[in-house]
Amino acid sequence: MQVTTTTAGKKHTLLLVDPYPRNNPYHLTASERRAVWFPKLSLPVIAAYTPADWHVLLVDEAVQDIDFDQPCDLVGLSIMTCYAPRAYEIATEFRKRGKPVVLGGVHPTYCPDEALRYSDAIVCGEAEDLWPQVVADFLAGSMKRMYKMEQFPALDNYISPRVELLSPDAYMTRQCSFTTRGCHFDCEFCSVSPFNGKTTRRRPVPEVIKELTHVKQWICSELVDRMSNDTLWQAFLTGLRIRVGIEDGTIFAFVDDLHNSNRTYCKELWAALKPLKIKWGCQSTLFLGDDEEMVKLAAESGCVSVFVGMESLDEDSLEETNKPFNRVKKFSDEIKMFHDNGIMVNPGIVFGFDSDDESVFERAVDFLTKNQVELAYFNVLTPLPGTALFERYNSTGRIFDRDWAKYDGKHVVYYPSRMTPEQLQEGFYWANHQFYSLPSIFHRLRGTKQRLVARWEMNRQFRTLVKRSCPKGTLSPVADVLKGLQAKLPSFATEQLIPNALIALKQKFDETTAPAQELWLNIKTKRHNQFAALFVELEGTL
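Residue numbers (our numbering): -4 to 537.
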């Protein structure tokens, strides 16, 4: 556990833990986290609303180990549903040692009786107005079993999250902030509207700019200090990583669930961001791409990436999940608008809606590849507690697995309508492998001019993660899909032309690199062998 603050003059110690199961096959390695991962803000927010005379330790189990014997007075955990089993294990260990534990977050809010079995107190709902009272009651020896939010906290005069407590060198970026809470869209599978409200609350723009300015100053100071203590070579590499956009400190992430919820607010915010000269990413609706003025303003203010909840390429599925504002016929033009302004598009795709059949996987991968989206996040439809989807599936007996660890968007826990659970699961695996295959990556990044190195590195890391976590060779339920793909190429191409071309290319590569091999290895150890292996891998997959 890394201690990032001083205990001088502090009377009590609060240990905040973000649980993460280490046996999760989707657990990211250190290099993968640095390429694609940024932390959640829940615990830095709790740290900010903890009295100043408390010493606060923050442990993100995705990047740090927990010391269960760490001296502390109070332990707090923020829990998403898929991490609930691990959170309960952690809470049990601390309570065995006599440490009081408080659980909060989405899962305890919607499964309070369950969470109370593993804790001394739970916080239901957004915690900003509740946490100071929890701490006061703890000090008075009168902590209640449950603290329930009565109204949503106001976002003016908001205390900035203590992101400086996060472990350095562990994420793509620690510079996370938010501008809004809540979502006026009410998608059936989403817990944002039930938990954060159906009305969007907004932080005053001057407060956001003040926070970002402060964060930019300390992160730059931290980088300068680190580079000053590095060797010349290490400093050069850090500078190179900053230049190509893969170093912590080069990009800010707005973690709002709907950053572009209000056009007037965004125009004010993005205009105010220009003087900061930062690069930033956010979550947005895809139909922002219909508004050329706003997309240009976003790009001019430093926007380089948007995550968009595309969800499906089927109008019936979008209607089913209460997302008819996504217009499939406009998707390609909207993506192009972002690309034309230098903004990478990272869609979220959900498989398993009632209208989905086995063709959904191929259609999604083909569309995303054709439109050259830089990254995609594939998920299995998941009925999370607290959502309308959970109520519908639970009431009709469609949920067959109550292991919360599988409620991560990667596992099938219900009976689909037009597929078997096995077909849905294996189709999810297939889509990941196809999208992050080398031919797909090369096609999607072809012609990219902005941040090419960063985009390649992200795809490479996702490809590694997919190969490790998604089983391959279990695609029999999507045999028809594969047959359809094979039918698109003449048999001589798949059986002779392509394999022979790859063999010849590999031989040519070996011949031309042999004279320069010594120099090549000095530049980057083992890179020659790794690169040559790509051709062997391609040859074997065709």
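Glycine is no exception: its CB is placed at the ideal position from the N, C-alpha and C atoms.
None of the values given here were measured: they were computed from a predicted structure.
**Study point:** Three-state secondary structure (DSSP) of residue 60
**Key:** coil
**Study point:** Inter-residue CB distance, residue 428 and residue 467 (contact presumed, cutoff 8 angstroms)
**Key:** 6 angstroms
Exercise for review: Using DSSP bridges, identify the partner residues of residue 342.
Suggested key: 303
**Study point:** Reduced DSSP secondary structure (H/G/I, E/B, other) of residue 422
**Key:** helix
Review point. DSSP state of residue 141, grouped into three classes?
Key: strand
Review point. By how many angstroms is the C-alpha of residue 462 removed from the C-alpha of residue 387?
Key: Taking the Cα positions, residue 387 is about 34 angstroms away from residue 462.
Check your understanding: Going by beta carbon distance, what residues of the same chain come within less than 6 angstroms of residue 8, once the five residues before and after it are set aside?
Key -> 50, 67 and 68
**Study point:** Straight-line Cα distance separating residue 14 from residue 436
**Key:** 32 angstroms
Exercise for review: Given a cut-off of 9 angstroms, decide if residue 269 and residue 304 are closer than it, judged by their beta-carbon atoms.
Suggested key: no
Practice item. Can you tell me which of 223, 440, 85 and 198 puts its alpha carbon nearest to the alpha carbon of residue 152? Key: 198
Exercise for review: Evaluate contact between the region 353 to 370 and the region 439 to 455, counting only Cβ atoms and requiring at least three cross-stretch pairs below 8 angstroms.
Suggested key: As far as the Cβ criterion goes, the region 353 to 370 touches the region 439 to 455, which means the pair count is three or higher.
Point to revise | Contact under 9 angstroms by Cβ, residue 84 with residue 382 | key: no
Point to revise | Anticipated Cβ contact below 8 angstroms, residue 210 with residue 158, distance rounded | key: 7 angstroms
Practice item. Tell me whether the beta-carbon of residue 193 lies closer than 9 angstroms to the beta-carbon of residue 171. Key: no
Check your understanding: In chain order, what residues of the same chain lie with their CB nearer than 7 angstroms to the CB of residue 336, ignoring the 5 residues before and after it?
Key -> 290, 291 and 294
Practice item. Determine the direct distance from the alpha carbon of residue 6 to that of residue 384, and round the result to whole angstroms. Key: 46 angstroms
Check your understanding: Counting pairs of Cβ atoms below 8 angstroms between the region 81 to 98 and the region 113 to 127, do you hit three or more?
Key -> yes
Review point. For the putative contact between residue 446 and residue 351, defined by C-beta atoms under 8 angstroms, what is the C-beta separation to the nearest angstrom?
Key: Not quite, the Cβ-Cβ distance comes to about 33 angstroms (not below 8 angstroms), so this is no contact.
Review point. Which residue's Cα is closest to the Cα of residue 54: 246, 103, 425 and 42?
Key: 42
Point to revise | Extent of the continuous beta strand (DSSP E) to which residue 255 belongs | key: Where residue 255 is concerned, there is no enclosing beta strand (DSSP E), given that its DSSP letter is neither H nor E.
Review point. In the region 89 to 137, which residue ranges form an unbroken alpha helix (DSSP H) of at least 4 residues, counting only runs that do not cross its ends?
Key: 101 to 105, 107 to 111 and 126 to 135
**Study point:** Cα-Cα separation, residue 19 to residue 148
**Key:** Between residue 19 and residue 148, the C-alpha separation is close to 34 angstroms.
**Study point:** Straight-line Cα distance separating residue 433 from residue 140
**Key:** 53 angstroms
Review point. Counting along the chain, where does the beta strand (DSSP E) carrying residue 52 start and finish?
Key: Start and end: 49 to 55.
Point to revise | Stretch-stretch touch, CB-based, cutoff 8 angstroms, three pairs: the region 396 to 403 with the region 322 to 335 | key: no
Practice item. State the DSSP-derived secondary structure class of residue 374, mapped to helix, strand or coil. Key: strand
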